[in-house]
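Residue numbers (my numbering): 114 to 423. Note that CB positions come from ideal geometry on N, CA and C, so glycine has one too. This report concerns only the one structure given below.
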């Protein structure tokens, strides 16, 4: 197990290198000059050129990338062009808020998805099954920005029950968490139902029933545990997507997270902040995938990682 974890961690270096190269080149394809954006509309050409020299934007792009890699190797993501603060400080402060939102969203999605999926699988083609799977399909299909706006219009504008945006109390979390978790909940529910239906008709489940075990013991002890492997895969992938997908949701609800920071940084052509934020997202996604792989061995002891493992 330790060898497997070490190998996976070592693989993070080339993965992050490739991600950093794509991010570095992509952000520079966006029209606009960060020096002009920072200097202002009426700045003189001399002042704009001075800002370019100060932030190294006058150097060839390959030189800028090598400088970026040297700093990255020391754990330095550079300084924000907009605020002149260390990028790492700004990213970590916002990432905590994004992580808070993503964790609550994933918890909601996992609970709703597992409950709906298990009940649907144990009562196939019932009214609950049709209703829950229709709700899951709607959750998967609805764009997050559209769902967020509908929730704001109904619960904030019409009823006045919840704040329309910002961060502060538990009430500020309700709509962003539901908006972000709706798609994940639908996917978890459908995957749980399909996986459970396959397991329920297996021979060992039929044998367990023949031995006189009650349905709850058969469903939740035997069937659910063996049906969890594909569900855990979906949960792991959705956890990574929730971190990245928070960009739109945070903008809709004015949530002070990393997604909103990226949107603001792109508008101002703040290259270091965009690069640092996206690298943190990529690292988080890779670590979530590693955690999912390790969780496989906990759920199913027949799966082994490490010596001779995968």
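(1) Give me whichever residues DSSP pairs with residue 199 in a beta bridge.
(2) Using a Cβ-based criterion (distance less than 7 Å to any ligand heavy atom), does residue 204 qualify as near the ligand FAD?
(3) Let's see if you can read the secondary structure: which residues bound the alpha helix (DSSP H) around residue 306?
(4) Identify which residue in 137, 366, 151 and 202 has its Cα closest to the Cα of residue 173.
(5) If you pair each beta-carbon of the segment 287-297 with each one of the segment 244-258, do three or more pairs fall below 8 Å?
(6) Please name the residue in 143, 393 and 306 whose C-alpha comes closest to that of residue 247.
(7) Take residue 260 and list the residues in its own chain whose beta-carbon comes closer than 7 Å to its own, dropping the five residues that flank it on each side.
(8) Excluding the 5 residues flanking residue 339 on each side, which residues of the same chain have their C-beta closer than 7 Å to its C-beta?
(9) Would you decide whether residue 283 is buried or exposed? Buried here means 16 or more other CB atoms lie within 10 Å of its CB.
(10) Going by Cα to Cα distance, which pick from 115, 129, 349 and 157 is closest to residue 390?
(11) Using a 10 Å radius around the Cβ and a threshold of 16 neighbouring Cβ atoms, would you call residue 373 buried or exposed?
(12) Can you tell me where the alpha helix (DSSP H) holding residue 157 begins and where it ends?
(13) In this structure, how does DSSP classify residue 367 when only helix, strand and coil are distinguished?
(14) Near residue 308, which residues of its chain fall below 7 Å by C-beta distance, leaving aside the five closest residues on each side in sequence?
(15) Using the Cα positions of residue 127 and residue 139, report the straight-line distance between them to the nearest angstrom.
(16) Once DSSP output is grouped into helix, strand and coil, what is the label at residue 128?
(17) Is residue 314 buried or exposed, if buried means 16 or more other CB atoms sit within 10 Å of its CB?
(18) Just mark residue 196 as buried or exposed, buried being the case when its beta carbon has 16 or more other beta carbons within 10 Å.
(19) Use the C-beta contact count for residue 207: other C-beta atoms within 10 angstroms, 16 or more gives buried, fewer gives exposed.
(20) When DSSP labels each residue in this structure, what does residue 348 get in the three-state scheme?
(21) Contact defined as beta carbons within less than 8 Å: I believe residue 239 pairs with residue 229. What is the distance between those atoms, to the nearest angstrom?
(22) Pick from 392, 157 and 397: whose alpha carbon is nearest that of residue 186?
(23) Count the other CB atoms, across all protein chains shown, that sit within 10 Å of the CB of residue 267; report buried if there are 16 or more and exposed otherwise.
(24) With distances taken Cα to Cα, identify the nearest neighbour of residue 146 among 310, 194 and 278.
(25) Quick one: is residue 188 buried, meaning 16 or more other Cβ sit within 10 Å of its Cβ, or exposed?
(26) Beta-carbon separation of residue 165 and residue 403 under 8 Å?
(27) Enumerate in chain order the residues of its own chain whose CB-to-CB distance from residue 301 is below 8 Å, with the five nearest sequence positions on each side excluded.
Taking the definition as stated:
(1) 192
(2) With respect to the ligand FAD, the structure offers nothing, as it holds no ligand at all.
(3) 284-313
(4) 137
(5) yes
(6) 306
(7) 292 and 295
(8) 312
(9) exposed
(10) 129
(11) Flag for residue 373 reads buried.
(12) From DSSP, residue 157 is part of no alpha helix (DSSP H); its letter is neither H nor E.
(13) coil
(14) 340, 343 and 344
(15) 18 Å
(16) helix
(17) exposed
(18) exposed
(19) buried
(20) In the three-state reduction of the DSSP assignment, residue 348 falls in the helix class.
(21) With 8 Å as the limit, residue 239 and residue 229 do not qualify as a contact, their Cβ atoms being about 12 Å apart.
(22) 392
(23) exposed
(24) Out of 310, 194 and 278, 194 has the C-alpha closest to the C-alpha of residue 146.
(25) exposed
(26) Taking C-beta atoms as the reference points, residue 165 and residue 403 fail to come closer than 8 Å.
(27) 222, 223, 225, 226, 227, 230, 344, 347, 348 and 351
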